[in-house]
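Student: Heads up, the working numbering is the position in the first sequence plus 1, with the first residue counted as 1.
Cβ coordinates follow ideal geometry from the N, Cα and C atoms, glycine included.
Below: one structure in structure tokens.
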Amino acid sequence: MNRKRPSQQDIPLSGKQDESIKKSKESSVESDNADNKADIVVSSNSKGHGSEDPRSSVQSIVSGSSVKLSRDFYTRHSCEGLAKALLGKRLVRLMEGTRLSARIVETEAYLGFEDKASHSYKGRRTPRNEAMFMEPGTAYVYSIYGCYVCFNISSQGSGAAVLLRALEVLEGVEQVKAARPASTKANDKHLANGPSKLCQALSLTKDGHNQRDTVTCPDLWLEDDLDIDPDMIVAAPRIGLGPSAEEWGDKPLRFYVLGHPCVSKRNRQCEDVCRAARTSNIT
DNA sequence: CCTCAGATGCACT
DNA sequence: GTGCATCTGAGGA
């Protein structure tokens with residue numbers, strides 16, 4: 002039946018990008034400017050590290066390969082590794098026959114037993130967090146602050162999971178806008194730039210998706226898409242943790258794509274570290 | 001760009 | 001009863 006191939010909606014980060022760059026004028030300060038621009042990534046699906054000059058990889062956007070992520074994908078990475086590996090991948094949601102998809106641009110790792118910020122700290126296992134202990138690839142959706150939900154994917158390691166924090170909506174923008182509050186519809190970058198925003202955007206609910214297996218679920222899965230250059234991944238402390246997390250609140254377990262406009266909250270200091278590491282790799 | 005307050009209901013102790 | 005892995009809008013720099 003009417004399966005639409007993604008067409009023009011497949012192209013993210015285009016036009017307006019230039020505009021915002023022009024606005025931020027400092028064309029003399031080359032390095033800063035270059036990073037704000039989307040040096041988004043990439044060597045699509047090719048593993049050989051592009052030993053090329055990173056500058057040449059600016060804005061090479063490739064459309065999704067439509068290859069669903071397998072169990073093996075979720076199993077072969079550590080929790081932290083999975084959090085990074087998920088960057089660039091697509092979350093796909095089928096709603097009444099319409100395909101919605103969005104690129105993952107920000108994640109957080111929750112390690113489980115030893116992680117004081119994790120719901121499964123010390124192996125704590127309750128009806129709520131049962132999904133964290135299920136097969137890698139299982140969705141863990143929980144409600145928070147009454148009116149919101151957060152979406153995680155269970156990873157390897159008992160009680161470990163990856164929280165999705167921000168997406169770039171690629172397909173189904175109109176439908177996504179309909180699912181979000183009116184005030185947020187003006188700017189496409191803000192459609193899914195937060196853990197609960199992205200759940201609203203793709204209509205992910207606890208009743209509908211908690212404990213669903215994304216490897217077999219017919220209306221929710223992940224697809225291979227972009228491979229993010231490791232040099233472009235910013236590692237920063239996680240967001241919103243209370244004092245009970247103690248030293249775990251400072252560990253760099255949040256990951257996002259450097260320069261991507263849809264990231265929920267930037268950490269300039271960690272971005273500087275990322276850039277410094279990158280330039281020293283080049284020289 | 002930033003910070004701040006209030007909303008909100010459920011899971012757990 | 002307490003504590004959230006948050007969001008929005010308003011107001012200020």
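On the premise that Y257 lies in contact with S156, defined as a C-beta separation below 8 Å, what is that separation, rounded to the nearest angstrom?
Tutor: At roughly 18 Å, the Cβ-Cβ gap does not stay under 8 Å, so S156 and Y257 are not in contact.
Student: Is it right to say L221 is buried, meaning 16 or more other beta carbons lie within 10 angstroms of its own, or is it exposed?
Tutor: Buried, because 16 or more other Cβ atoms sit within 10 Å of the Cβ of L221.
Student: Less than 7 Å between C-beta atoms, sequence neighbours within five positions excluded: which residues of the same chain meet that for S144?
Tutor: V150 and K207.
Student: Could you give the uninterrupted runs of the alpha helix (DSSP H) lying entirely in the stretch 155-208, keeping only those of 4 residues or more?
Tutor: Within the stretch 155-208, the complete alpha helix (DSSP H) runs of at least 4 residues are 174-180 and 196-202.
Student: How about the stretch 120-136 and the stretch 172-183: do they share at least three Cβ pairs that are nearer than 8 Å?
Tutor: Judged by Cβ distances under 8 Å, the stretch 120-136 makes no contact with the stretch 172-183, as fewer than three pairs qualify.
Student: Roughly how many angstroms lie between the CA atoms of S57 and R269, to the nearest whole one?
Tutor: Any answer about S57 is weak, because its pLDDT of 30 lies below 50 and its placement is not dependable; what the coordinates show is given next. When rounded, the distance between both Cα atoms is 24 Å.
Student: Would you report the Cα separation of A277 and L88, rounded to the nearest angstrom?
Tutor: One C-alpha to the other measures close to 21 Å.
Student: Take every Cβ of the stretch 248-266, pair it with every Cβ of the stretch 179-187, and state whether three or more of those distances are shorter than 8 Å.
Tutor: Counting Cβ pairs under 8 Å, fewer than three are found: no touch.
Student: Do you know offhand how far S119's Cα is from Y111's?
Tutor: Their Cα atoms are separated by approximately 5 Å.
Student: Count the other C-beta atoms from every protein chain shown that fall within 10 angstroms of the C-beta of K123, then say buried if there are 16 or more, exposed otherwise.
Tutor: Result: exposed.
Student: Output the boundary residues of the beta strand (DSSP E) element that contains S281.
Tutor: Careful: S281 lies outside any beta strand (DSSP E), inside the alpha helix (DSSP H) at R269 to I283.
Student: Let's see if you can read the secondary structure: which residues bound the alpha helix (DSSP H) around F74?
Tutor: Here the alpha helix (DSSP H) through F74 covers R72 to R77.
Student: Can you name the start and end residues of the beta strand (DSSP E) that A110 belongs to?
Tutor: Note, A110: beta strand (DSSP E), T99 to Y111.
Student: Using a threshold of 7 Å, state whether the C-beta atoms of I105 and L203 are closer than that.
Tutor: No, the Cβ-Cβ distance between I105 and L203 is not below 7 Å.
Student: Taking the beta strand (DSSP E) that A1 falls in, what are its first and last residues?
Tutor: It is not possible to answer for residue 1, since the shown part of the chain is limited to 2 through 284.
Student: State the Cα-Cα distance for the pair N211 and K198, rounded to the nearest angstrom.
Tutor: Between N211 and K198, the C-alpha separation is close to 17 Å.
Student: Could you check how far apart the C-beta atoms of T215 and I283 are, in whole angstroms? I think they sit under 8 Å.
Tutor: T215 to I283, Cβ: 36 Å. No contact.
Student: Grab me the residues of L95's own chain with a C-beta within less than 8 Å of its C-beta, minus the 5 sequence neighbours each way, in chain order.
Tutor: Excluding sequence neighbours, L95 sits near L101, P219, D220 and L221.
Student: Tell me whether P137 is buried or exposed, calling it buried when 16 or more other Cβ atoms sit within 10 Å of its Cβ.
Tutor: Result: buried.
Student: Based on the DSSP secondary-structure assignment, which residues constitute the bridge partners of L95?
Tutor: Answer is R100.
Student: Label A187 either buried or exposed according to how many other C-beta atoms from any shown protein chain fall within 10 Å of its C-beta, with 16 as the threshold for buried.
Tutor: The residue is exposed, with fewer than 16 neighbouring Cβ atoms inside 10 Å.
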